[in-house]
Each structure stands twice: as structure tokens, then as C-alpha cells.
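Here's the structure, in C-alpha cells; my notes come after.
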Amino acid sequence: METNPPRSSTDIDGPSIQIAWKDEQSILAKWHMPKEFEQEMERKYAIPFAELPFVLRLFDVTDRNEIRNDGTDLYTDFDINHRSSEWILYGVTQGLQYCVDLGIRMVDGRFYSLSRSQSI
56 METNPPRSST
66 DIDGPSIQIA
76 WKDEQSILAK
86 WHMPKEFEQE
96 MERKYAIPFA
106 ELPFVLRLFD
116 VTDRNEIRND
126 GTDLYTDFDI
136 NHRSSEWILY
146 GVTQGLQYCV
156 DLGIRMVDGR
166 FYSLSRSQSI
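56 is the number of the first residue of the sequence shown in the numbering used here; add one for each residue after it.
Shown next, in the form of C-alpha cells:
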């Protein structure tokens with residue numbers, strides 16, 4: 056699956072995402088997407104922002120410590136509402152290490168990462 060290199064979560068003009076454990080079985084993801092970036096996405100993809108298929112891609116990086124994009128990464132996608140700025144991710148296990156990409160998944164399966172969280 057093709058991906059663009061993720062933007063750093065510290066980009067001033069792009070989106071940012073942070074994650075934290077909510078409890079032993081869930082992670083809370085919070086993100087911010089500036090209005091200017093929303094307009095840039097509409098121009099880039101020629102789709103109204105509200106119709107872009109945003110997802111949070113939860114990666115299990117326990118034994119890898121990095122995303123390799125080599126087809127062997129373990130991940131789960133969560134479809135999210137474009138109006139949200141936070142989401143609870145269930146199905147995680149305390150003691151494992153995770154990171155999350157905020158991205159766009161096209162109908163044909165291509166995934167474009169917009170921002171990557173720190174690992175927890």
C-alpha cells in the first residue's frame with residue numbers, strides 16, 4: 056500500500072495528533088487540523104473536505120519500534136468523522152506499544168498519512 060511520509064506532529068501549518076492511554080483497553084487520540092490545511096486538502100484531492108475519507112490507523116509497534124511500510128506492519132483502521140477532534144480506539148492491550156497515523160484512505164485502498172503520533 057502506498058503512503059506518503061508522515062508530517063511531524065509538531066508541524067505548525069499541518070495537522071498534529073497525540074495519543075494517550077484512556078484505560079487498559081483503549082487509547083484516546085486527539086488531533087488538530089488547521090483550516091488552511093483543510094483548504095489545502097480540498098485543492099489537492101479535488102474533493103470537499105467533508106467528503107474526504109479520514110481514518111486513524113493504529114499501528115502495533117511493540118516488536119518493531121517503527122513503521123516500515125513493507126507490507127508486514129500490523130495495523131487497524133478506524134473510520135472517523137471529519138468534524139471530530141478526538142476518538143477512542145478500542146481493541147488495544149496494555150503492555151504493547153502503539154502509534155497512530157491520522158490519514159486519508161481512498162476507495163482503492165491507498166492510504167495517505169497526514170500526521171503520526173508519538174509511540175506509547
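The beta carbon of each residue, even a glycine, is placed where N, CA and C say it ideally should be. Please read these numbers as outputs of a predicted model, since none were measured by experiment.
Counting C-beta atoms within 10 angstroms of its own C-beta, leucine 113 has 16 or more neighbours from the protein chains shown and is therefore classed as buried.
With 16 or more neighbouring CB atoms inside 10 Å of its own CB, serine 71 falls in the buried class. Taking 8 Å as the cut-off, the beta carbon of isoleucine 82 is found closer than this to the beta carbon of valine 147. By the CB criterion at 8 Å, valine 155 and alanine 84 fall inside the cutoff.
Contact check for leucine 157 against leucine 144 fails: the beta carbons are separated by 8 Å or more.
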